[in-house]
Amino acid sequence: MEKSDLFGLVRTAGLGSLAVVGTARGVGKTSVLGHLARRAEAEGITLGLVSGGREGDRPDGEHEQGPAVYVPRWCLVATAEGALGQADAFVEVLEVLPAAGPLGHLVVGRIREPGRLPLVGPPTAKGLQDAVQALRHHGAALVVVEGSVDRVACAAPAVTEGTVVATGAAVGGGVGEVAERTRLLLGFLGLPAVEDPGLREAAARALGQWRVAVIDADGRPRPLALRTALGSGGTVAEAVDKGARALVIAGALADGVAEALAGLRPPASRVLVVVPDGTHVFLGSRALARFTRAGGRLAVLHPIRVVAVTLNPFGPDGVALDPEALLGEVARAVHPVPVFDLVLGRALNLEPAA
Amino acid sequence: MNRLLVPGTDKGIGFDRVWAMVEPASPFGREEKAKARPFLPGDEQVLEAELDRVEAARRACEAAPGVLRALQGRLSRCRDLRGSVLAAGRGAVLDVVELYELKRFASLCRELDALLERFPWERPADLKLGSLEALSRALDPQGRGAPGFYVDDAFSPVLARVRRHKRAVEATLERERRRQASAVAERLGLPVDADGEIAVSTAESDRVRMARRDEDLLLVREAGGHLYFRLRPGPRAREAERVLADLRERERQEEGKVRAKLSCAVADAAPVLLENMGVLGRLDFLLARARLARQVGGTRPRVLPPGQGITLQDARHVAVEQDLGRQGRRFTPLTLELAPGAAVLTGPNMGGKTVALQTLGLGVAMAQMGLLVPAARMEWSLVAFVYYGGQEGQRPGLSAFAAEVSSLAEPLGRRGEGGLLLLDEFAKGTNPREGRALSAAVLRCLATGPSVCLLATHHSGLAELVGTPHWQVRGLGHEVLTQIGPGDGVRWLYEHMDYRLEKVSPHKETPHEALLVARLLGLDEQVLAFAERYLGQGSEKGEGNRLD
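Chains A and B, in that order, give the protein sequences. Here the working numbering is used: the first residue of the first sequence is 1, the next is one more, and so on. Here the working numbering is used: the first residue of the second sequence is 355, the next is one more, and so on.
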């Protein structure tokens, strides 16, 4: 394995499926896909490609169109029926999946004549899970899921076994901002699993039954009559204030709840919040800081394995950051996760921490 | 269906819930279900044949559940391809996904046909699938039997030649690129990335100078202290790219020609394809009805010649039965026999009069929609319509009484056609004296003639007054009433109520258990005490609830 070989790193990690998610639009997810596809082709490894779902229509009314990626011969893909007509690659149709979006059903196919192909993913998480399984079933040694813009749901362990985070100048601001945003996202994605086996079991049971619940000191669950914790910070904090070992949230954890919990007096403010996995956390850095300062802690049932971070020093509108400085700063921020600049062919954090 | 069930009756008798339990697996079956129409008087023979089919299918499902599952699985994988078939018929060129689906449909038909051969029944003539072998061969010329579809070289020698040539040029181009990349990398001592780009730090002025002068490199951008160069294709590479672009265009054209030819094969097979989709629809709908029959313990009802009324033995209302099941309670099956004409049904509050009317209506509606019925035995003469006049489905702006009277207008006008009229406490919404008179008058009108009417009421003496048969809920016997204790509530009522119907003398009194039921339901004791006092006064004056 070359020092700068992201593909080699992913293969060594023994992953069957990989999510590629980004910190912003234009951070180079498609380049990562291209890199993986080319390296897989060179090594004779069958890759499966699918997009991590479209989140509906753009504000201008146009439907979001996935970028066309170059797909080599024998690569497996899952994309919407309608996207095949826009491809210059020729595809052997292997299966048509039930998931359907605006461009028709999701088709699993094998590239027989290489070329460019737009990747249009299934509209639901379940559809994505099925697509990953179907690609594996048809022989993909590694399935790569390209996360859609600003969405990280495909990194959930229920969908993929590992994750690559793409980041870069498109985040906006300078090298420092990019490093900070990347550190924040990795902090959520890499949240640790609940350590205590008893609490873990109680949280798993509660998450299987309710959307929001409090686990009492004696391990007994106390469900809250809420469909989501969003917008119910007060109710949630009130329940936690009555004494709680942990708060479990099946949906999204956003600023409101974190701020409300941070506003409680200790020891209530030192509550452990448990979510299914890191893709459920949507906290801004200010809310997170208040929450952690007050003693709050976060944990997950299913930890995500972040295998690498990739960099694109170029942003939209010709903005560019110093690639060397960016590589160094991001590598420090996400240490020990390896960081790759695929353009410069450089990488950092490849050696284990001293 | 609209022609059998008078508007509002569908929901009133719970037929909508039962009909929703008929669940075909394929789009064709769902369409067949949507097209289903009731069997009406005159259709006796057709209905007999249909019921025989459903019964035979039910028996086969019971005997071979594995085959049924396999059939279901394949039916659920069917997609509605009529759009593609019709498009091909109009001369359109189908895309690879459509051709894949049609290839798969042809093999599904083959598999379904083999399964139907193993199904232990005498397959009806209209459930035979036509052969699609010619289409299968056209879509898989080498007979590989692989499930996927691709316009590969076997379809056209021209396409094969173009692709061979294209691959050779691609290989040449790739070799040329690699040669150029490694030469440049060696000259500059820097790697060329997979996109053919090379980044040179502006700090390294010698390298920058070299790169700028290099014939094989083209400066594309400058950013973040680096110059980015791209490999500039040489004359050989440019020529190869031009040839490649031509070949790709020819490949696309040839592939299109193959698809056009295959679309013609689809057009040729269109009649069989469409007929098979129809067959699968009928099969799927039939299996869905057979499954419902298994699920609800349905039996085949017996069609009587016109004008013989309705007999139900141990009939159940499957939707009510499901609701009771969720509460841990059991449905008491009903037995009832009605000749053409009118009859009266009386019983205590909470005694199941409404459910009895609904069960009767549901049985007839199910049978006339070609379903097996949840009863030990059912015999009936086909009715022209079923009307249920109950308390549900009031129209806004109308009082309960007005709604009831106006909804009865249509079925009453059609009474000469021989319908089933189920009247649940008719005219309850007006003063008891006139309500009773109206009820008696409706009974009188329906007492003769071909329609069957059952009127549930709390009014006493209606059967006697009009001279109709009288059915009664057995209710709470006197012995049971002596067992009632102070803490007993509605649960006690459920446990002790005898919901069975019996035919009684027209003179038999209507049960007077409203106060008792009210007490068990937890009505305020003071209210009950007053009620008892008023009841006593009324009896002394000879009024009570006998308002005749």
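Using N, Cα and C, we set each Cβ at its ideal position, and we do this for glycine too.
Start-to-end residues for the alpha helix (DSSP H) that takes in residue i
{"i": "A:Leu49", "result": "Premise fails: A:Leu49 lies in the beta strand (DSSP E), 47-51, not in any alpha helix (DSSP H)."}
{"i": "A:His105", "result": "Where A:His105 is concerned, there is no enclosing alpha helix (DSSP H), although the beta strand (DSSP E) it sits in stretches over 104-113."}
{"i": "A:Arg332", "result": "323-334"}
{"i": "A:Val32", "result": "29-43"}
{"i": "B:Met375", "result": "No alpha helix (DSSP H) contains B:Met375, which DSSP labels as neither H nor E."}
{"i": "B:Gly610", "result": "589-650"}
Limits of the beta strand (DSSP E) - the one that residue i falls within
{"i": "A:Phe90", "result": "90-101"}
{"i": "B:Lys857", "result": "852-858"}
{"i": "B:Pro694", "result": "Where B:Pro694 is concerned, there is no enclosing beta strand (DSSP E), given that its DSSP letter is neither H nor E."}
{"i": "B:Phe583", "result": "580-585"}
{"i": "B:Leu466", "result": "B:Leu466 -> not in any beta strand (DSSP E); alpha helix (DSSP H) instead, spanning 450-472."}
{"i": "A:Ala246", "result": "246-249"}
{"i": "A:Ala68", "result": "68-71"}
{"i": "B:Cys807", "result": "806-810"}
{"i": "B:His824", "result": "824-829"}
{"i": "A:Val152", "result": "Looking at the DSSP string, A:Val152 is not in any beta strand (DSSP E), and its letter there is neither H nor E."}
{"i": "B:Met704", "result": "Taken as a continuous stretch (DSSP letters only), B:Met704 belongs to no beta strand (DSSP E), as it is neither H nor E."}
Contact list for residue i against chain A, beta-carbon separation under 8 Å
{"i": "B:Glu609", "result": "Phe90"}
{"i": "B:Arg517", "result": "Glu113"}
Rounded distance between the beta-carbons of residue j and residue i, thought under 8 Å
{"i": "B:Gly706", "j": "B:Val827", "result": "6 Å"}
{"i": "A:Gly8", "j": "A:Glu146", "result": "Actually they are not in contact, since the Cβ atoms of A:Gly8 and A:Glu146 sit about 20 Å apart, beyond 8 Å."}
{"i": "A:Thr79", "j": "A:Val120", "result": "5 Å"}
{"i": "B:Ala719", "j": "B:Leu358", "result": "7 Å"}
{"i": "B:Phe393", "j": "B:Gln722", "result": "5 Å"}
{"i": "A:Val10", "j": "A:Val20", "result": "About 10 Å separates the two Cβ atoms, so there is no contact after all."}
{"i": "A:Glu161", "j": "A:Gly16", "result": "6 Å"}
{"i": "A:Ala37", "j": "A:Val71", "result": "6 Å"}
Alpha-carbon spacing of residue i relative to residue j, whole angstroms
{"i": "A:Arg73", "j": "A:Glu113", "result": "6 Å"}
{"i": "B:Arg887", "j": "A:Ile249", "result": "59 Å"}
{"i": "B:Ile367", "j": "B:Leu776", "result": "10 Å"}
{"i": "A:Leu76", "j": "A:Pro338", "result": "27 Å"}
{"i": "B:Ala553", "j": "A:Asn312", "result": "13 Å"}
{"i": "A:Glu324", "j": "B:Ala557", "result": "12 Å"}
{"i": "A:Gly104", "j": "A:Leu97", "result": "10 Å"}
{"i": "B:Thr864", "j": "A:Pro223", "result": "50 Å"}
{"i": "A:Glu201", "j": "A:Val165", "result": "30 Å"}
{"i": "A:Ala156", "j": "A:Ile304", "result": "7 Å"}
{"i": "A:Gln133", "j": "B:Leu489", "result": "31 Å"}
{"i": "A:Gly168", "j": "A:Leu186", "result": "14 Å"}
{"i": "B:Thr784", "j": "B:Ser760", "result": "14 Å"}
{"i": "A:Ala299", "j": "A:Ala193", "result": "5 Å"}
{"i": "B:Arg444", "j": "B:Arg602", "result": "28 Å"}
{"i": "A:Glu177", "j": "A:Thr292", "result": "20 Å"}
{"i": "A:Asp196", "j": "B:Leu542", "result": "57 Å"}
{"i": "B:Asp677", "j": "B:Phe685", "result": "9 Å"}
{"i": "B:Ala388", "j": "B:Pro381", "result": "11 Å"}
{"i": "A:Leu135", "j": "A:Leu49", "result": "8 Å"}
{"i": "A:His63", "j": "A:Glu95", "result": "Any reading at A:His63 must be qualified, since the residue scores a pLDDT of 44, below 50, and its modelled position is unreliable; no value is offered."}
{"i": "B:Arg643", "j": "B:Pro804", "result": "30 Å"}
{"i": "B:Gly841", "j": "A:Lys126", "result": "52 Å"}
{"i": "A:Arg58", "j": "A:Glu81", "result": "Below a pLDDT of 50, predicted positions are generally treated as unreliable, and A:Arg58, at 41, falls in that range; the measurement from the model is reported next regardless. Their backbone Cα atoms lie some 20 Å apart in a straight line."}
Under 7 Å from the C-beta of residue i: neighbouring residues of chain B
{"i": "A:Phe314", "result": "Ala577"}
Under 8 Å by beta carbon: chain B residues contacting residue i
{"i": "A:Leu97", "result": "Within 8 Å Cβ-Cβ: nothing; A:Leu97 doesn't reach chain B, min ~11 Å."}
Residue i: contacting residues in chain A (beta-carbon distance under 7 Å)
{"i": "B:Arg451", "result": "The sequence given here has Val at residue 451 of chain B, not Arg. Those are Glu81, Leu84, Val93, Val96, Val107, listed as they occur along chain A."}
{"i": "B:Glu455", "result": "Val96"}
Within chain A, the residues that residue i reaches when beta carbons sit closer than 9 Å
{"i": "B:Asp547", "result": "His35, Leu342, Val343, Leu344, Gly345"}
{"i": "B:Gly551", "result": "The question names Gly, yet the displayed sequence has Glu at residue 551 of chain B. Going along chain A in sequence order, the residues near B:Glu551 (Cβ under 9 Å) are Val343."}
{"i": "B:Phe503", "result": "Glu92, Val93, Leu94"}
C-beta neighbour in chain D for residue i, strict 8 Å
{"i": "A:His137", "result": "In the structure shown, chain D does not exist; the protein chains are A and B."}
In chain order, what residues of the stretch 336-352 of chain A put their CB closer than 8 Å to some CB of chain B? Residues of the stretch 336-352 of chain A with a C-beta atom less than 8 Å from some C-beta of chain B are Leu342, Val343, Leu344, Gly345, listed in chain order.
Margin query: Along the stretch 592-608 of chain B, where does the CB come closer than 9 Å to a CB of chain A? Name the residues.
Written below: Correct list: Arg602, Glu605, Arg606.
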